[in-house]
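Residue numbers (the numbering used here): 10 to 131. Even for Gly, the Cβ is constructed at its ideal location relative to N, Cα and C. Following: one structure in structure tokens, then a few remarks.
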């Protein structure tokens with residue numbers, strides 16, 4: 010889990026924590042696929058294991074199809090399942106996209122920490 014307070018995360022899965030994970034789902038899926046090719050069910054299980062958020066196929070598959078339409082991932086038919094993987098020529102671009110997202114999130118976190126620190130000392 011990501012938080013030091015798992016109980017708070019469990020209570021907030023559909024609140025701000027859940028919304029944050031869902032808002033970054035495209036980046037999360039791309040990062041998972043950079044680590045290894047996966048089928049949709051494996052993505053759902055991995056997101057649940059890493060973030061404690063159980064997503065529906067109706068959330069994951071439209072995102073995967075959009076990533077495929079945009080040329081970022083491709084889908085190969087396995088024995089019984091479709092396996093998604095980054096398009097080889099797009100791996101570098103995906104890495105750049107993820108670094109850009111991290112930079113944006115870091116700026117937001119730095120700002121929020123700065124304001125909350127000042128509020129604590131007021």
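Beta-carbon contacts of residue i that lie in its chain and below 8 Å, excluding the five residues immediately before and after
{"i": "residue 29", "result": "none"}
{"i": "residue 87", "result": "48"}
{"i": "residue 73", "result": "38, 49, 52, 82, 84 and 93"}
Beta carbon of residue i nearer than 8 Å to that of residue j
{"i": "residue 48", "j": "residue 101", "result": "no"}
{"i": "residue 53", "j": "residue 41", "result": "no"}
{"i": "residue 95", "j": "residue 81", "result": "yes"}
{"i": "residue 25", "j": "residue 107", "result": "no"}
{"i": "residue 43", "j": "residue 103", "result": "yes"}
Whole-number beta carbon distance between residue j and residue i, since they are thought to touch under 8 Å
{"i": "residue 76", "j": "residue 38", "result": "7 Å"}
Cβ-based neighbour list, residue i, same chain, cut-off 7 Å, excluding 5 preceding and 5 following
{"i": "residue 17", "result": "Any reading at residue 17 must be qualified, since the residue scores a pLDDT of 47, below 50, and its modelled position is unreliable; no value is offered."}
{"i": "residue 83", "result": "77, 94 and 96"}
{"i": "residue 69", "result": "49, 52 and 53"}
Residue i versus the options, residue with shortest Cα-Cα distance
{"i": "residue 27", "options": "122, 46, 64 and 50", "result": "64"}
Same chain only: Cβ atoms within 6 Å of residue i, ignoring 5 sequence neighbours per side
{"i": "residue 20", "result": "Only weak support exists for where residue 20 lies, its pLDDT of 47 falling under 50; the value from the coordinates is given anyway. Once the five neighbours on either side are set aside, residue 20 has no close Cβ partner at all."}
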